[in-house]
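Below: one structure, written as structure tokens.
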Amino acid sequence: MKESALSEEQSTRDLDPQDSGGSHSQFKKGDIVNERYEIQEIVGVGGMGAAYRARDKNFKAIRLVVIKEMISQVTDSLVRKNIFQIFEREANILATLRHPAIPRIYDYFIIRDRAYLVLEFIHGKNLEQVLNENKTFFPEEQIISWGIELCDVLDYLHSHKPEPIIFRDVKPSNIMASSQGHIALVDFGIAKVFESGQKNTMVGTQGYSPPDQYRGEATPQVDIYALGATLHHLITLRDPQLEAPFTFGERPMLEINSNISPELAAVVERALEYKPEDRYQSTSEMKDALINVARKTGTLLNLSASGSAAISTRGLDVKPLWVFECEDELRGSPVYHNGQLYVGCYDNNLYAIDAANGDFQWKYASDGGIPGRPAVFENNIYFGSEDNRMHVVSTRSGKVVWTYYTDGPVRSSPRIAEGHAFIGSDDGYLHAVSTASGRASWKAEAGSPVRATAFVTGEYVYFGSEAGDFTCVDFRGDARWRFKAKRAITSSPVVTDEAVYFGSMDGTIYALDANSGWVVWRFRLGKGTISTPFVANNLLYTGAADHLIYCIDVRSAKEMWRFTSGHQVTGSPVVVGDAVYCGSVDGSLYCLDAQSGRLRWKFDTGGPITGTPVIHDEMIFIGSTDNNLYALLAT
Amino acid sequence: MFDFLKRLFGRNRSIPQRGDAVTAELNQEQQWEITGQRTGQALQKFWVGTGLDVGRRRENNEDALLALQATLGVESGGQPLGIFVVSDGMGGHRSGEVASENAVRALGNYLIHKVYEPLLGPNPHPAEESLREIMEAGILHAHNAVKRSAPGGGCTLTAALMVGSQMVIGHLGDSRAYAVEKDGRITVLTKDHTLVNRLQEMGQLTAEEAAIHPQKSVLYRALGQGDAITADIATSTLPASGALLLCSDGLWGFVPEEDIEQIINAAATPELACQHLVEAANQAGGPDNIAVVLVRLSK
Chain X
75 MKESALSEEQ
85 STRDLDPQDS
95 GGSHSQFKKG
105 DIVNERYEIQ
115 EIVGVGGMGA
125 AYRARDKNFK
135 AIRLVVIKEM
145 ISQVTDSLVR
155 KNIFQIFERE
165 ANILATLRHP
175 AIPRIYDYFI
185 IRDRAYLVLE
195 FIHGKNLEQV
205 LNENKTFFPE
215 EQIISWGIEL
225 CDVLDYLHSH
235 KPEPIIFRDV
245 KPSNIMASSQ
255 GHIALVDFGI
265 AKVFESGQKN
275 TMVGTQGYSP
285 PDQYRGEATP
295 QVDIYALGAT
305 LHHLITLRDP
315 QLEAPFTFGE
325 RPMLEINSNI
335 SPELAAVVER
345 ALEYKPEDRY
355 QSTSEMKDAL
365 INVARKTGTL
375 LNLSASGSAA
385 ISTRGLDVKP
395 LWVFECEDEL
405 RGSPVYHNGQ
415 LYVGCYDNNL
425 YAIDAANGDF
435 QWKYASDGGI
445 PGRPAVFENN
455 IYFGSEDNRM
465 HVVSTRSGKV
475 VWTYYTDGPV
485 RSSPRIAEGH
495 AFIGSDDGYL
505 HAVSTASGRA
515 SWKAEAGSPV
525 RATAFVTGEY
535 VYFGSEAGDF
545 TCVDFRGDAR
555 WRFKAKRAIT
565 SSPVVTDEAV
575 YFGSMDGTIY
585 ALDANSGWVV
595 WRFRLGKGTI
605 STPFVANNLL
615 YTGAADHLIY
625 CIDVRSAKEM
635 WRFTSGHQVT
645 GSPVVVGDAV
655 YCGSVDGSLY
665 CLDAQSGRLR
675 WKFDTGGPIT
685 GTPVIHDEMI
695 FIGSTDNNLY
705 ALLAT
Chain D
96 MFDFLKRLFG
106 RNRSIPQRGD
116 AVTAELNQEQ
126 QWEITGQRTG
136 QALQKFWVGT
146 GLDVGRRREN
156 NEDALLALQA
166 TLGVESGGQP
176 LGIFVVSDGM
186 GGHRSGEVAS
196 ENAVRALGNY
206 LIHKVYEPLL
216 GPNPHPAEES
226 LREIMEAGIL
236 HAHNAVKRSA
246 PGGGCTLTAA
256 LMVGSQMVIG
266 HLGDSRAYAV
276 EKDGRITVLT
286 KDHTLVNRLQ
296 EMGQLTAEEA
306 AIHPQKSVLY
316 RALGQGDAIT
326 ADIATSTLPA
336 SGALLLCSDG
346 LWGFVPEEDI
356 EQIINAAATP
366 ELACQHLVEA
376 ANQAGGPDNI
386 AVVLVRLSK
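Protein chains in written order, with the numbering used here: chain X, 75 to 709; chain D, 96 to 394.
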């Protein structure tokens, strides 16, 4: 085609060593770039330079990136410096964008006369390739689904503050379709910085660009027109680049493709209006129009039923909203309070992090690793440390308020109720410590280390021990009943509806009557567990060392489903709405359908996940032994 | 303290009752609740009524039931216990009534032995097995008893075991367990193991067709039939209030659920409720034997 032939020509010219100031030409497979990226292959050669697929060596897990190379044509060093400054500024703006349909920018760097942008690698084909391979018309729901997703991402860009971002080059070759049927916008205008000064370059692509863009206007209506042109191409399979500009009216969609509805054709026609003011005034307006078409024609049902479109927008390309790096492994779990996250780390520190953006607030050093989950009570954070103490630290200042000594490392998490912090220690006791005085009101003997977190109800306190004893004590610390499992109870109990549930290293989930300790049922797992069960809607979710995440009906004690992860599941599942979130030692955080156990998406970290996610306001926070705390968007 | 309240409680119970007096019934409900709150004890109380009737068309009674409740109130933590069973026999030559009788005896015996004996011994301790496992084993025990005593015969079995604040329901056949709430809701807790019901589940029959189907009491699962049996077993927390009803199809097959609910919630005592339920089934023609066990719950 015309466009690709042109690119070919340009690229040979661009990559001519003489033109590029005598520096290196292209990277080869196996080259390590910027001491970090291992080149795997050249995935494209464009007007500005090459694009490579590379592996980020900073991560133990395989993380693939795309490195885009941009070669400056300018020989004058001052002008070139200026261009690189603009490039840096643009890269910084793009780096702040967070949308499932926009590849993340991880990094950028400059080597001599070339600038490199490191982007998320998106597995799939661009729509131009899809169009070339596709000989028959696309189903209407597929076109609508792509259209809705494109409106979505353009709306995100147009709403960008302080300045709206106009993409200015919407066309099939800039749209990636993932194998899950979702789209991503690639090739942001950043490259255009390098084109300035070249002759005969216009931002945009003939055939897709509206008349107003030729007048130099950059408004949302420019993108809406190009989106209309793209949809027209997808509907008619006729490339507007091969036709005279602004002649869509001469190729009526319904005449070429009678499979589509007149409603859809009407939406595309309006987007292609000659005058910008006659088009949709915003992409969200156009998106609503597309949804209305789907609703009216019944394709909406197909959209959700087919599963491929519109749902699980994140598919397999889940991106963290932010990442916070600690100095050692995060084995415990974060807690959310008042816009802050508190998480203990094996670098002995408790970190306070802004939940919105991952900004560091303060850290407090204990003298041992912090394995559990902190608790917050009246502006103080309570947590145990392997330095034998429970520390109480002010949320505001990060300064210690008081500490409480036990005779062994504290690996359990505190539970705060009735004016006391209940915390287990490896000294073999559960300690009830007054939050007012910092002194123990009583200690309940367990006979072996207490690493599980106690559960406190209105009347009783429940906890397990490493020797397999499970104890229910009253508020004076007197034992009311005991139960013995065959091996350690490190899993923390959950009490709901007068029944107490916990797992044991003996490979059993126990359901006991909370008042008497009678066993109501037992459920056999493939291996032992230290995962704390989560009970919601009469379903119990737990992980186990046999790599599985189980869902058990608490009334019938029957397995509803199981999900196999790549390694032990030591953290605990968390259910929010209809989704289960659970980390695995295989390094992934899984999002499963709570009813069916089907995988919705997973997110890979660089090390085993042993903690439990915390979910607040549609954000998921999870620590990993790759030292990072991740913030993801819940779906 | 507890004994004192129990005496107080006993007096409340002996307030003269008029079967048709709605106000009296409300009064007592209030008394129960107040009494329960004042004790501050979490001990569940069961108020039990039973009804067993041959009906108007049959000559022998193939239905059987067992209702047993006990309360152990001791400082070290007593447990309320309830064992409630309804069974409906089938098969000719009296084998139906032999089957249901032996099923009820065998299950009752097993549950008392497994669940309550350990608590009354010198070293009180909970059972080794889980309540669910005990119910499973008890039903197997009853199954074997039926096969021995009534070869070729069989029976349904719907049993509730209540210990502490937990309840286990074991079920085979087409007798039913219902949860009846004070606010008028009535929910069936069991699934009929009848061919008609199965056909209905598979969308082969409508509810209307099922109700008048000639083979509506043909069971695909029953005690005493076949070598291996699989009972439905469900555990749940005991509701804090409301009632549990166990009954044979002699009741639910002929008295609509709304009527059952209204009779239960209007009656002053569970005994009266059961009496009225039996009368309602007989008024509907009484074509089958009727067995009902009603357990009112309050804390």
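Glycine included, C-beta positions come from ideal geometry on N, C-alpha and C.
Asked: Please confirm whether residue 221(D) has its beta-carbon closer than 8 angstroms to some beta-carbon of chain X.; Found: yes
Asked: Please tell me whether residue 532(X) has its Cβ less than 8 angstroms away from any Cβ of chain D.; Found: no
Asked: With three or more C-beta pairs closer than 8 angstroms as the rule, is the segment 631-638 of chain X touching the segment 359-370 of chain X?; Found: no
Asked: Given a cut-off of 8 angstroms on the beta-carbon distance, is the pair residue 498(X) and residue 486(X) in contact?; Found: yes
Asked: So, at 7 angstroms on beta carbons, what are the nonlocal neighbours of residue 448(X) in its own chain, with the 5 sequence-adjacent residues on each side left out?; Found: 409, 416, 418, 424, 455, 456, 457
Asked: So, with DSSP's three-state summary, where would you put residue 426(X)?; Found: strand
Asked: Measure the alpha-carbon distance for residue 382(X) versus residue 110(X) and round it to whole angstroms.; Found: Only weak support exists for where residue 382(X) lies, its pLDDT of 35 falling under 50; the coordinates are left without a value.
Asked: With a floor of 4 residues, list each alpha helix (DSSP H) that falls wholly inside the segment 245-322 of chain D, ordered by position along the chain.; Found: 290-296, 302-306
Asked: Please go through the same chain and pick out, in chain order, the residues whose beta-carbon is closer than 6 angstroms to the beta-carbon of residue 330(X), but skip the five residues on each side of it.; Found: 310
Asked: Is residue 625(X) helix, strand or coil when you go by DSSP?; Found: strand
Asked: Using the C-alpha atoms, what's the distance from residue 169(X) back to residue 180(X)?; Found: 7 angstroms
Asked: My understanding is that residue 654(X) touches residue 704(X), with C-beta atoms under 8 angstroms, so please give their C-beta distance in whole angstroms.; Found: Not a contact, Cβ separation roughly 17 angstroms.
Asked: Would DSSP call residue 595(X) helix, strand or coil?; Found: strand
Asked: At the 8 angstroms Cβ level, is residue 492(X) part of the contact set with chain D, yes or no?; Found: no
Asked: Which stretch, first to last residue, makes up the beta strand (DSSP E) that contains residue 115(X)?; Found: 111-119
Asked: Does any residue of chain D bring its CB to less than 8 angstroms from the CB of residue 471(X)?; Found: no
Asked: In three-state DSSP terms, what is residue 212(D)?; Found: helix
Asked: Any chance the CB of residue 509(X) is under 7 angstroms from a heavy atom of the ligand ATP?; Found: The ligand ATP is not among the ligands present in this structure, which contains no ligands whatsoever.
Asked: Do residue 342(X) and residue 406(X) come within 8 angstroms of each other at the CB atom, strictly closer than that value?; Found: no
Asked: Grab me the residues of residue 399(X)'s own chain with a C-beta within less than 7 angstroms of its C-beta, minus the 5 sequence neighbours each way, in chain order.; Found: 701, 702
Asked: Since residue 581(X) contacts residue 598(X) with CB under 8 angstroms, what's their CB separation in whole angstroms?; Found: 6 angstroms
Asked: DSSP three-state call for residue 576(X): helix, strand or coil?; Found: strand
Asked: For residue 332(D), go through chain X and note every residue whose CB falls closer than 7 angstroms to its CB, in chain order.; Found: 571, 572, 573
Asked: Run through the DSSP bridge pairs and tell me what residue 180(D) is partnered with.; Found: 161(D), 254(D)
Asked: Looking at the C-beta of residue 135(D), does it have a partner C-beta in chain X at a distance below 8 angstroms?; Found: Because the pLDDT of residue 135(D) is 38, which lies under 50, any placement of that residue in the model is unreliable, and the number read from its coordinates should be weighed accordingly. No, its Cβ sits nowhere closer than 8 angstroms to a Cβ of chain X.
Asked: What separation, rounded to the nearest whole angstrom, lies between the Cα atoms of residue 681(X) and residue 284(D)?; Found: 47 angstroms
Asked: Measuring only the C-alpha atoms, how far is residue 554(X) from residue 222(X)?; Found: 60 angstroms
Asked: Out of 284(X), 307(X), 126(X), which one is the CA nearest neighbour of residue 210(X)?; Found: 307(X)
Asked: Excluding the 5 residues flanking residue 336(D) on each side, which residues of the same chain have their C-beta closer than 7 angstroms to its C-beta?; Found: 277, 392, 393
Asked: Taking buried to mean at least 16 other C-beta atoms within 10 Å of its own C-beta, is residue 401(X) buried or exposed?; Found: exposed
Asked: Let me confirm a value: residue 376(X) is counted as buried when at least 16 other C-beta atoms fall within 10 Å, else exposed. Which label applies?; Found: Bear in mind that the predicted position of residue 376(X) carries a pLDDT of just 49, short of 50, making it too unreliable to give a figure here.
Asked: Where does the unbroken beta strand (DSSP E) through residue 344(D) begin, and where does it stop?; Found: Note, residue 344(D): premise wrong, no beta strand (DSSP E); alpha helix (DSSP H) at 344-347.
Asked: Drop a sphere of 10 angstroms on the beta-carbon of residue 560(X), count the other beta-carbons inside from all chains shown, and report buried for 16 or more, exposed for fewer.; Found: exposed
Asked: Is the beta carbon of residue 575(X) closer than 8 angstroms to that of residue 607(X)?; Found: yes
Asked: Check whether the Cβ of residue 226(D) lies closer than 8 angstroms to any Cβ atom in chain X.; Found: yes
Asked: In angstroms with no decimal places, state the Cα-to-Cα distance between residue 219(D) and residue 211(D).; Found: 10 angstroms
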